[in-house]
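Asks: Dropping a structure here in structure tokens format, bear with me for questions.
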Amino acid sequence: MSCPWSRLPSSARLNLFLLLSWAIAVVQVFLFQTSREFGETVVASWSLATTLTYAGFYLLPTALLAHLGLRLLRIRGDSPAAALAMGLIAVGLAGLTQVLLFADRLIYGMYGFHINGFVVDLILTPGGVASLGASRSTELTATAIVLALIAMQAGAWLLALRTPQIHTPTRMPRWRWVLAGFLALTVSERIAYGYSAMVHYEPILFASERYPLYLPMTFGKTARKLGFVAAADNADSVRVRHGALAYPRVALEVVAPQKPLNIVWLVAESLRFDMLEPKIMPELWAFSNTALRLEKHFSGGNMTQMGVFSMFYGLYGNNWFPMLSARRAPVLMDVLQQQDYQFSLHTSQRFTYPAFDKTVFANMRPQDLHPIEGGAPAWQRDVQNIDNMLGFIDGRTPTRPFMTYMFFESTHANYDFPEQAAIARPYMEDFNYITTDLAAGIAPIKNRYI
């Protein structure tokens, strides 16, 4: 008798595999929720219905492609190679879905949003993933979880193949009833959401934000006919005018100074203003007391590129996107180049993520950009960059003005420093993004940050 995995499975066995995969997905989707979503009966019922149905929606592409693959392989003929290919297709597709759910849950738990264009851009752009500053233990934990999810899918596949008498109708769920129940649940949760939107019942509206790719259904016209006044969508949104980039709005009239100033521009990633105090930053604190300290600054945005963008352009962070599309450098850099400045621009990550090489430093010569990435810990890269910057200052042409820029990476999570530089103790020695309970560990995390 041949082994069950040496032949193509029946559609019934494939459906059993999908059912097992759905059960795994249900657990993952359930983990998106908090106890608050199950504190009230109405919200708990809605969350349960949404969890059960959306776990199925997430696996729908896997189900369609797997059944299509099974049909195509049957046309080519049954063989051990075809059976192996079918297993790889099914386990690969389902495993990818589970990994994406895990990644989305991790991102949502840390940052409060799901996988979106920003996340995709971060992954695809050179230096993007490295900019997160994940520790080695975080990488190992993530790898172990990914392998475990794929192993679970492989186990589900083998279980589906080895289940005896899978062809007997009495041993399989009545799929018509399963489909009917699925439709009843999804229609119910959509009606509940639509009604919640109509009467502004916030618990369900807020709970829906935890589901990746949740598609809300509202009853705007019906609500108005029934006398309800629904809030206008995007009432306060800003209309975007399409057209050529008008920057600067008017041509600059620049009078070159007799003695141009040299510029040393130091930027520390994620550095809070309240860190500038005698105990934590004594040297910079002393320097600031004899210099101009700007204490009424308005943030350009809560992201690296927005903050640096606002410093150089003097514009709000949302203008980053048209500047990036146009590859437009700030007028500040234009003027410095016109006045024959020497440049030495340093970063302990990459200039490609965020894309400062296409915005702030779009017109810089490649030999003026000095990134140090990977390999050594972030604090060591910072030290090396400072040494290189000082070397540039010592060796520059003294008759020409210069600008040098340094982006410190060690202050970015997970906050890298040598042991002898620790200021606040006890601090979290291994800041693992996946296993750390942020609420419970916030005190040692802050000490590590300091």
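Following this note's numbering, the numbering of the sequence shown begins with 2 at its first residue and continues without gaps.
We put the CB at the ideal spot given by N, CA and C, even for glycine.
Everything numeric in this text was worked out from a predicted model, so none of it was measured.
(1) Helix, strand or coil for ILE151 per DSSP?
(2) Shortest alpha-carbon distance to ALA267 belongs to which of HIS347, LEU101, PHE357?
(3) Are GLY318 and SER311 touching if we call contact CB-CB under 8 Å?
(4) By the DSSP assignment, the alpha helix (DSSP H) with LEU450 in it spans what residues?
(5) Buried or exposed, going by whether 16 or more other CB atoms sit within 10 Å of the CB of ASN415?
(6) Which complete alpha helix (DSSP H) runs does the stretch 287-338 hold, if anything under 4 residues is left out?
(7) Which residue comes first and which comes last in the beta strand (DSSP E) that contains LEU267?
(8) Does DSSP classify PHE408 as helix, strand or coil?
(9) Please work out which residues of its chain come closer than 6 Å, Cβ to Cβ, to GLN368, disregarding the five sequence neighbours upstream and downstream, and give them in chain order.
(10) For LEU69, count neighbouring Cβ atoms within 10 angstroms of its own Cβ and tell me buried if that reaches 16, exposed if not.
(11) Tell me which residue opens and which closes the alpha helix (DSSP H) that PRO372 is part of.
(12) Can you tell me whether ASN303 is buried or exposed? The criterion is at least 16 other CB atoms within 10 Å of its CB, across all chains shown.
(13) Beta carbon of ALA379, beta carbon of ASP417: below 8 Å?
(14) May I have the straight-line CA-CA distance separating GLN29 from PHE103, to the nearest angstrom?
(15) Looking at LEU9 and ALA84, is the spacing between their C-beta atoms short of 8 Å?
(16) Please state whether the Cβ-Cβ distance between GLN154 and SER22 is less than 8 Å.
(17) According to the Cβ coordinates, are TYR248 and ARG329 closer than 8 Å?
(18) Can you tell me which of ALA292, GLY308, THR291 puts its alpha carbon nearest to the alpha carbon of HIS298?
(19) Are the CB atoms of VAL147 and VAL100 nearer to each other than 8 Å?
(20) Return the Cβ separation of PHE18 and ALA185 in integer angstroms, given the expectation that the two are a contact with Cβ distance under 8 Å.
(21) Helix, strand or coil: which one does DSSP assign to LEU439?
(22) Three Cβ pairs or more, each shorter than 8 Å: is that satisfied between the stretch 352-362 and the stretch 373-392?
(23) If you reduce the DSSP assignment to three classes, tell me which class PHE33 lands in.
(24) Run the CB neighbour count on ARG382, radius 10 Å, all protein chains shown included, and call it buried at 16 or more, exposed below.
(25) In or out: ILE373 buried (at least 16 other Cβ within 10 Å) or exposed?
Replies: Reading off the structure:
(1) helix
(2) This sequence places Leu at residue 267; Ala is not what is there. Checked all of HIS347, LEU101, PHE357; the closest Cα to LEU267 is HIS347.
(3) yes
(4) Reading the sequence as shown, one finds Tyr at residue 450 and not Leu. Segment 443-450, the alpha helix (DSSP H) holding TYR450.
(5) The residue is buried, with at least 16 neighbouring Cβ atoms inside 10 Å.
(6) 305-314, 321-327
(7) 264-269
(8) strand
(9) none
(10) By the neighbour-count rule (16 or more Cβ atoms within 10 Å), LEU69 is not buried but exposed.
(11) Careful: PRO372 lies outside any alpha helix (DSSP H), inside the beta strand (DSSP E) at 370-372.
(12) exposed
(13) yes
(14) Using only the alpha carbons, I get a separation of about 7 Å.
(15) A contact, by the Cβ cut-off of 8 Å.
(16) yes
(17) Going by C-beta atoms, TYR248 is nearer than 8 Å to ARG329.
(18) The residue with the shortest Cα to Cα distance from HIS298 is GLY308.
(19) yes
(20) In fact, because the Cβ distance is near 24 Å, the residues do not count as touching under 8 Å.
(21) coil
(22) no
(23) coil
(24) buried
(25) buried
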